[in-house]
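If you use numbering that gives the first Met the number 0, the sequence shown corresponds to residues 0 to 182, in order.
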Amino acid sequence: MLIAQQKRRENIAEYILYLWQLEDLLRALQFSPEAIYSQLVAPNDVDEEQKQTIFLWYMDIVALLRKEGKEESGHLEHTLHLIADMHNLHLQLLSLPAGERYRSLLVRLTPEMPRLRMLFGKDDISDTELCFRALYAVMLYRIRGKGGERAVADTLEVISPVIAELASVYGKVERGEIDLFKD
């Protein structure tokens, strides 16, 4: 919970990927309250009241996964809505003056999108969600100890800068630090 709150404030992309990883971790723990407490809550160096708050936060995520029918796979609507918001920003940055840097980074990624769509077999999702799915797949690939593959490095090299810039602009817009419609 504490990590999620920090990531949400600092970097929306890291927050989304963190929550996706947490969904898989909760599934691996089979949504067991005992396992969640012992593995995810107890190791925190906080008082008992904070541990209870953290535990309830994890259990709220479990309840959402169950409510949305995503016990086996899939991602919470909350994160998918955030990605949709980011995709709307992506579309705006394609034509607004504030998107000049973003567009320059996107030039390298655009030719890779058809290959990524074919690789993931996802014709029905936005380019932004596709990029998040690719980044998450790379993250899982690395966790499994297969991070040395050239395909992983290539994916990160073209996708990461684009998503990082999109997340940066998203945060600045959210905090009121920039106006998309000004030069």
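All C-beta atoms in this analysis are idealised placements derived from N, C-alpha and C, irrespective of residue type, glycine included.
Is it true that the CB of L165 sits closer than 8 Å to the CB of L88? Yes. Within cutoff.
Check each candidate in F180, M112 and R174 and name the one with the smallest Cα separation from D153. Selected option, being the one with the closest Cα: M112.
How about L93 and R100: do their beta carbons lie closer than 8 Å? Their beta carbons are not under 8 Å apart, which means L93 does not touch R100 by this criterion.
State the CB to CB distance for the pair V168 and L155, rounded to an integer number of angstroms; the pair is presumed to be in contact (CB under 8 Å). Actually they do not touch by this definition, with Cβ atoms about 20 Å apart.
Measuring CB to CB, does F185 end up less than 8 Å from R107? Outside the shown range of the chain, which is 0 to 182, sits residue 185, and nothing can be said about it.
Which class does D59 belong to by DSSP, given the choice of helix, strand or coil? D59 falls in the helix class under three-state DSSP.
CB of L179 within 8 Å of CB of L95, strictly: Result yes, Cβ atoms of L179 and L95 sit closer than 8 Å.
So, under 8 Å CB-CB, L16 and Y135 are touching, yes? Tell me the CB distance rounded to an integer number of Å. Taking C-beta atoms under 8 Å as the contact rule, L16 and Y135 qualify, at a distance of about 6 Å.
CB-CB length for A163 against A41, believed under 8 Å: The Cβ separation is near 34 Å, so there is no contact.
Three-state secondary structure (DSSP) of S167: The answer is helix: DSSP assigns S167 an H, G or I state.
In terms of residues, what are the limits of the alpha helix (DSSP H) holding D126? Annotation: the continuous alpha helix (DSSP H) that includes D126 extends over D126 to I142.
I'd like to check one pair, W19 with H74: are the Cβ atoms closer than 8 Å? Contact flag set, yes.
Which residue wins for smallest C-alpha separation from S72, given the options P32, F30, I35 and R26? Cα-wise, what sits closest to S72 is R26.
Does DSSP put H74 in a helix, in a strand, or in coil? Secondary structure at H74: coil, using DSSP grouped into helix, strand and coil.
L108 (DSSP reduced to helix, strand or coil): DSSP places L108 in helix when its eight states are reduced to three.
Taking all protein chains shown into account, do 16 or more other C-beta atoms lie within 10 angstroms of the C-beta of E22, making it buried, or fewer, making it exposed? Classification for E22: buried.
Taking C-alpha atoms, which residue in E48, E173 and I60 lies nearest to E76? That would be I60, whose Cα lies nearest to the Cα of E76.
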